[in-house]
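Engineer:
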Amino acid sequence: MKSLLLLFLLSANCALGQSLPITNCKEDSSVVINTKYSKAAAVNAALLKLTQMGVPGVSMAVYSKEGWWSTSHGYAKLEGQVPMQGCHLQYLQSISKTYMAVAILKLAEQGKIDLDQLMTVYLPKAISQHITQAEKISVRMLLNHTSGIPEYNLQPAYVSYLLQHPKHIFQPEDYLRYIHQKPLDFPPGSKYSYRNTNYLLLTMIADFIIGDHTKLIRESIFQPLQLTHTFYRGDADYLNYPTLVNTYWDRHSKGILENASLLQRNNVASLVGDDGIVTSPIEAVKFLKGLVAGQLLSSSSLDKMKTWVKRKEKPVYGLGLSYVTFAGNIGYGHSGGGIGAGCQLYYFPEKDVCVFVAINLGTVTDSPIHKKAESVIEEFYAALLN
Amino acid sequence: MKILTILVGWLLIVPHTIHAQDIKPYSDFPITISVNFHAFTLPFRDLKTNFRNIGIGIGTEVSLNSSATWVQQVGVVWYHNQALGNGLLFSTQNVWRPTFGSNGYGEVKGGVGYLQSFLPTKGFRMTNGTWQETSRKGKGMFCVPLGIGAGYDIRQSQSMISPFINYQFIAVTGYNTSIPVVPNTLIQVGSRIH
């Protein structure tokens, strides 16, 4: 009986430590910050509201006709109240898809892949056999989410395993097993529906064509743009960076936040192509700015990326780019959301403004904080663009 | 694993040491004690994980017919789950308990319950512009437990003990607004002492 009691007393106090160490850092000196940016006061006011309503921390960078500007509010880690800084690394989450799309288009420019060829041409049977009607799905359909392939991260078996095993690292094929031979959501090419599985398959295609898609991303994006604070898998210290933000989630949708950094880090460490990149706000902007300026792809390839598929007659998604409207301004780029983080990276062509904003609060589970934050985000874009 | 063996052994052996006077082989309101193994998983998946999250349960039951093949159980289970947070489960279940052989029985059960799911780590809430730490109280949620099991009646002259094993699937409602129902499972090894 004594041992029984002892066991329960011990286990009651034994919780999985989720927080990760983080240090202050030195701000990026590769760009000159315009300290007289005309929108600074209005943007700061909007972002401050976010932190006052329960977002732990927010960090952003913008490049416009006025040059570079960046700001941060709140905390990179609530425990110990470590202030958020512009040099802290942020999770890009699904914005990583834009990087992956650029890498695939780079392969297309090199003649190594045909976007309208079927995925089965590039994938071995062992991989494509997981997908129903794989022989009817083209590379382009994967890029613009018109494949109809089911979403792996909506599978209850996957979600429950992920939460019960926060230290587990999934292998790419593990995700495909969760959707093995499940019926397509719709006939290939007939409509648009955003699915992470599409970009997971694109990384596998790239791996089979050139051996290592991470090398392709580094060589076709990180190196030409000299992104030295942008990291993806394959790096020796991948996601063990002392300046990576801690992340939080509202498990029960009650407005109470828990540190989910370990779960977040291990989840992102498992994701390929549809997620997985971390960067600083300035380097996120450098990426999109470089893409629209033609530093990464030809104008023809960029036009392909901006060929929008429609939903309810409205443009919605291109090849790794989504089409959005904020405060009456049309933009394109991508958003990202995960267990412990959320972010947006958009270019607004009419204003020639490129902006990145990130929070260290998860967006995949609803929270009353999100509802309040939505209006502030609109206010943020209005301050920035109007 | 050694502790687990001791616990299971204790549950099976202790009833033999009880010497009650004037007790019929089956009587209402027996004491049910169980060791529980919890997992946040779909039914019959990832069974290995259950054995990492141990708990304890206590309960009783009352027969609904003379042959005691229909009974109503009530019980409470406390479990430890390092990743998802500890839990306290109150439930009542209607049990169909057909017998087979001379002393064996099976169980099919279902009912309703209430799960208090505690947070695995401390929480934070923004209050009047400053961050405050919160307790690990977590959230109380209604749930629907369903189970199957099997057991064996060991009849003594004036008492009966019934070691059993149960597998319970518990559909927990309102975990958060994004995931309306989440799956939990319990493997229960214990004994009913009449």
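These protein sequence lines are chains A and B, in that order.
For the record, in the first sequence the residue sitting at position 295 is 414 according to this note's numbering, with numbers rising by one throughout.
For the record, in the second sequence the residue sitting at position 164 is 166 according to this note's numbering, with numbers rising by one throughout.
Cβ coordinates follow ideal geometry from the N, Cα and C atoms, glycine included.
Given the structure is predicted, the values throughout are model-derived calculations rather than measurements.
Just grab the DSSP bridge partners of Val162/A for me.
Structural biologist: On the first sequence, residue 162/A is found 43 positions in, with the first residue counted as 1. Looking at the DSSP assignment, Val162/A forms no beta bridge with any residue, so it has no partner.
Engineer: Counting along the chain, where does the beta strand (DSSP E) carrying Met143/B start and finish?
Structural biologist: Position 141 of the second sequence, counting from 1, holds the residue named residue 143/B. Residues 141-154.
Engineer: Under 8 angstroms, Cβ to Cβ, is there at least one residue of chain A near Leu117/B?
Structural biologist: Position 115 of the second sequence, counted from the start, is the residue given in the question as residue 117/B. Answer no: the Cβ-Cβ gap between Leu117/B and chain A never drops below 8 angstroms.
Engineer: Using a C-beta cutoff of 8 angstroms, does Asp485/A count as contacting chain B?
Structural biologist: One-based indexing of the first sequence puts residue 485/A at position 366. Yes, Asp485/A lies at the interface with chain B (some Cβ there is under 8 angstroms from its Cβ).
Engineer: Determine which residues of the stretch 122-133 of chain B have a Cβ less than 8 angstroms from any Cβ of chain A, and write them out in chain order.
Structural biologist: Cβ contacts with chain A come from Pro122, Thr123, Lys124, Gly125, Phe126, Arg127, Met128, Gly131, Trp133.
Engineer: Would you call Glu377/A buried or exposed, if buried means 16 or more other Cβ atoms sit within 10 Å of its Cβ?
Structural biologist: Taking the first sequence and counting its residues from 1, the one referred to as residue 377/A is at position 258. Buried is the call here.
Engineer: Judging by CA-CA distance, which residue of Lys255/A, Val162/A, Asn386/A, Val364/A is the nearest neighbour of Lys286/A?
Structural biologist: Translated into positions along the first sequence, residue 286/A becomes position 167. When each option's Cα is compared against that of Lys286/A, the closest is Asn386/A.
Engineer: Let me confirm a value: Trp87/A is counted as buried when at least 16 other C-beta atoms fall within 10 Å, else exposed. Which label applies?
Structural biologist: Nothing about residue 87/A can be read from this structure; chain A reaches only from 120 to 505.
Engineer: I believe Leu319/A touches Val397/A by the beta-carbon criterion, under 8 angstroms. Please report the beta-carbon distance rounded to the nearest angstrom.
Structural biologist: As a position in the first sequence, residue 319/A is number 200, starting the count at 1. As a position in the first sequence, residue 397/A is number 278, starting the count at 1. That belief does not hold up - the Cβ atoms of Leu319/A and Val397/A are roughly 18 angstroms apart, past 8 angstroms.
Engineer: Determine the extent of the alpha helix (DSSP H) in which Ala385/A is found, giving its start and end residues.
Structural biologist: Taking the first residue of the first sequence as 1, we reach residue 385/A at position 266. Note on identity: in this sequence residue 385/A is Asn, with Ala being the wrong assignment. 380-389 is the extent of the alpha helix (DSSP H) around Asn385/A.
Engineer: Mind checking if Ser491/A is an interface residue toward chain B, Cβ cutoff 8 angstroms exclusive?
Structural biologist: By 1-based counting over the first sequence, the position of residue 491/A is 372. According to the sequence as given, residue 491/A is Lys; it is not Ser. Judged by the 8 angstroms Cβ criterion, Lys491/A is not in contact with chain B.
Engineer: Within the continuous beta strand (DSSP E) that includes Lys225/A, where are the two ends?
Structural biologist: On the first sequence, position 106 is the one that residue 225/A refers to. That residue, Lys225/A, is in no beta strand (DSSP E); its alpha helix (DSSP H) goes 215-228.
Engineer: Residues in the same chain with beta-carbon distance under 8 angstroms from Val278/A, minus the five sequence neighbours each way, listed in chain order, please.
Structural biologist: Position 159 of the first sequence, counted from the first residue, corresponds to residue 278/A. If we look at Val278/A and ignore the five residues flanking it on each side, its Cβ neighbours are Asn272.
Engineer: Mind checking the stretch 164-193 of chain B against chain A and listing, in chain order, the residues whose C-beta falls within less than 8 angstroms of any C-beta there?
Structural biologist: Against chain A - using a Cβ distance shorter than 8 angstroms - the residues of the stretch 164-193 of chain B are Tyr177, Asn178, Thr179, Ser180, Ile181, Val184, Pro185.
Engineer: Report back the beta-carbon spacing between Trp188/A and Ile152/A to the nearest angstrom; my notes put them in contact at under 8 angstroms.
Structural biologist: Counted from its first residue, the first sequence places residue 188/A at position 69. Counted from its first residue, the first sequence places residue 152/A at position 33. With a Cβ gap of about 6 angstroms, Trp188/A and Ile152/A count as contacting.
Engineer: Please name the residue, chosen from Lys145/A, Ser149/A, Thr154/A, Ala165/A, that lies closest to Val495/A on a Cα-to-Cα basis.
Structural biologist: By 1-based counting over the first sequence, the position of residue 495/A is 376. For Val495/A, the nearest C-alpha among the options comes from Ala165/A.
Engineer: In the DSSP assignment, the alpha helix (DSSP H) including Phe499/A goes from what residue to what residue?
Structural biologist: Locating residue 499/A in the first sequence gives position 380, counting from the first residue. Residues 487-504.
Engineer: In the DSSP assignment, find the unbroken alpha helix (DSSP H) run with Pro275/A in it and report its ends.
Structural biologist: In the first sequence, the residue the question calls residue 275/A occupies position 156. 275-283 is the extent of the alpha helix (DSSP H) around Pro275/A.
Engineer: Quick one: residues in its chain with C-beta nearer than 6 angstroms to the C-beta of Gly456/A, no 5 flanking neighbours on either side, listed in chain order?
Structural biologist: As a working note, residue 456/A is residue 337 in the first sequence. Answer for Gly456/A: Gln212, Thr482, Val483, listed in chain order.
Engineer: Got a sec, what are the start and stop residues for the alpha helix (DSSP H) Ala325/A sits in?
Structural biologist: Locating residue 325/A in the first sequence gives position 206, counting from the first residue. Segment 315-329, the alpha helix (DSSP H) holding Ala325/A.
Engineer: Take Ala446/A and list the residues in its own chain whose beta-carbon comes closer than 7 angstroms to its own, dropping the five residues that flank it on each side.
Structural biologist: Sequence index remark: in the first sequence, residue 446/A carries index 327 (1-based). Counting only Cβ-Cβ distances below 7 angstroms, and skipping sequence neighbours, we find Glu497, Tyr500, Ala501, Leu504, Asn505.
Engineer: Using a C-beta cutoff of 8 angstroms, does Glu270/A count as contacting chain B?
Structural biologist: Along the first sequence, one-based indexing puts residue 270/A at 151. By this cut-off, Glu270/A is not an interface position.
Engineer: Would Gly374/A and Gly193/A be called neighbours here (beta carbons separated by less than 8 angstroms)?
Structural biologist: Along the first sequence, read from residue 1 onward, the residue named residue 374/A stands at position 255. Along the first sequence, read from residue 1 onward, the residue named residue 193/A stands at position 74. Taking 8 angstroms as the Cβ cut-off, Gly374/A and Gly193/A do not qualify as a contacting pair.
Engineer: Counting only runs of 3+ residues fully inside the stretch 76-122 of chain B, write out the beta strand (DSSP E) ranges in chain order.
Structural biologist: Listed in chain order, they are 89-98, 106-119.
Engineer: Between the stretch 118-137 of chain B and the stretch 146-164 of chain B, can you find at least three pairs of beta-carbon atoms closer than 8 angstroms?
Structural biologist: Cβ pair count under 8 angstroms is below three, so no.
Engineer: Could you tell me whether any Cβ in chain B is nearer than 8 angstroms to the Cβ of Pro306/A?
Structural biologist: Taking the first sequence and counting its residues from 1, one reaches residue 306/A at position 187. So, not an interface residue.
Engineer: Mind reading off the beta-carbon distance from Arg370/A to Leu121/B? Whole number of angstroms is fine, and I expect it under 8 angstroms.
Structural biologist: The residue labelled residue 370/A in the question sits at position 251 within the first sequence. The residue labelled residue 121/B in the question sits at position 119 within the second sequence. 7 angstroms between Cβ atoms; contact.
Engineer: Is Gly308/A a contact residue of the ligand ATP, with contact defined as CB to any heavy atom under 7 angstroms?
Structural biologist: Absence of the ligand ATP from the depicted structure is noted, as is the absence of any ligand whatsoever, leaving it without description.
Engineer: Taking only the alpha-carbon atoms, compute the straight-line gap between Arg296/A and Pro269/A and give it to the nearest angstrom.
Structural biologist: Mapped onto the first sequence, residue 296/A falls at position 177. Mapped onto the first sequence, residue 269/A falls at position 150. When rounded, the distance between both Cα atoms is 12 angstroms.
Engineer: In the DSSP assignment, find the unbroken alpha helix (DSSP H) run with Tyr241/A in it and report its ends.
Structural biologist: Numbered from 1 along the first sequence, position 122 holds the residue referred to as residue 241/A. Unbroken alpha helix (DSSP H) run through Tyr241/A: 238-241.
Engineer: Three or more C-beta pairs closer than 8 angstroms, one from the stretch 449-464 of chain A and one from the stretch 350-369 of chain A: is that the case here?
Structural biologist: Contact holds: three or more Cβ-Cβ distances are below 8 angstroms.
Engineer: Tell me, please, whether the CB atom of Lys168/A is closer than 8 angstroms to any CB atom in chain B?
Structural biologist: To locate residue 168/A, count along the first sequence from 1; it is residue 49. Judged by the 8 angstroms Cβ criterion, Lys168/A is not in contact with chain B.
Engineer: In chain B, which residues lie less than 8 angstroms from Ile375/A when you measure between Cβ atoms?
Structural biologist: Your numbering for residue 375/A matches position 256 in the first sequence. Per Cβ cutoff of 8 angstroms: Leu121, Gly125, Phe126, Arg127, Thr136.
Engineer: Starting from Thr62/B and walking both ways along the beta strand (DSSP E), at which residues does that stretch end?
Structural biologist: Your numbering for residue 62/B matches position 60 in the second sequence. Looking at the DSSP string, the run of the beta strand (DSSP E) that includes Thr62/B is 56-65.
Engineer: Check the DSSP bridge columns for Ile167/B and list the partner residues they point to.
Structural biologist: Locating residue 167/B in the second sequence gives position 165, where the first residue counts as 1. Paired residue(s): Ala152/B, Val191/B.
Engineer: Could you tell me which residues DSSP pairs with Val483/A in its beta bridges?
Structural biologist: Position 364 of the first sequence, counted from the start, is the residue given in the question as residue 483/A. For Val483/A, which the question treats as bridged, DSSP gives no partner whatsoever.
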